[in-house]
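Engineer: Below you will find the structure I want to go over with you.
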Amino acid sequence: MKKTWTRNDLIESISDNVGLSQSDSSFIIEEIFEFILNELEKGEDVKISSFGTFSVRHKNTRIGRNPKTKIEVPIKERNVVTFSSSNILKSKFNL
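Take any residue in the sequence shown, count from 1 to its spot, add 64: that is its number in our numbering.
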């Protein structure tokens, strides 16, 4: 079974591999996430070299359909976060 990584897993990994305390590792992770979220809220893309790009995409109102009941339902316009992996990341996994 594949493991889903949590924030605590990332914190422990940084702590173990870099030799920082758990609190310092936690601070680093939280600052990274906060930076990414703040930039996305401002409408900016966040590009992490050799990894990928996070960006916000606007989706207009559209009609969706419940696949079970086949009833049409309006889906409101919204913004969604997308991630595009870099060519380097894609090549490592043959994506």
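Think of the CB as a built atom: it goes at the ideal place given N, C-alpha and C, for glycine as much as any other residue.
1) Since ILE139 and THR125 are thought to touch, with beta carbons under 8 Å apart, how far apart are those beta carbons, to the nearest angstrom?
2) Reducing DSSP to helix, strand and coil, say where LYS156 ends up.
3) Tell me VAL137's beta-bridge partners as DSSP assigns them.
4) Are there 16 or more other CB atoms within 10 angstroms of the CB of ILE127, so buried, or fewer, so exposed?
5) Whole angstroms are fine: how far does the CA of PRO131 sit from the CA of ILE75?
6) For SER148, which of helix, strand or coil comes out of DSSP?
Structural biologist: On the basis of the data shown:
1) For the purposes of this step, residue 139 is identified with residue 75 of the sequence shown, where counting begins at 1. For the purposes of this step, residue 125 is identified with residue 61 of the sequence shown, where counting begins at 1. That pair is a contact at about 7 Å.
2) By one-based count along the sequence shown, residue 156 stands at place 92. Three-state DSSP puts LYS156 in a helix.
3) Working through the sequence shown from its first residue, we reach residue 137 at position 73. Answer by DSSP bridge pairing, in chain order: GLY128.
4) Mapped onto the sequence shown, residue 127 falls at position 63. Result: exposed.
5) For the purposes of this step, residue 75 is identified with residue 11 of the sequence shown, where counting begins at 1. For the purposes of this step, residue 131 is identified with residue 67 of the sequence shown, where counting begins at 1. So the two alpha carbons sit approximately 40 Å from each other.
6) Position 84 of the sequence shown, counted from the first residue, corresponds to residue 148. Residue state, collapsed to three classes: strand.
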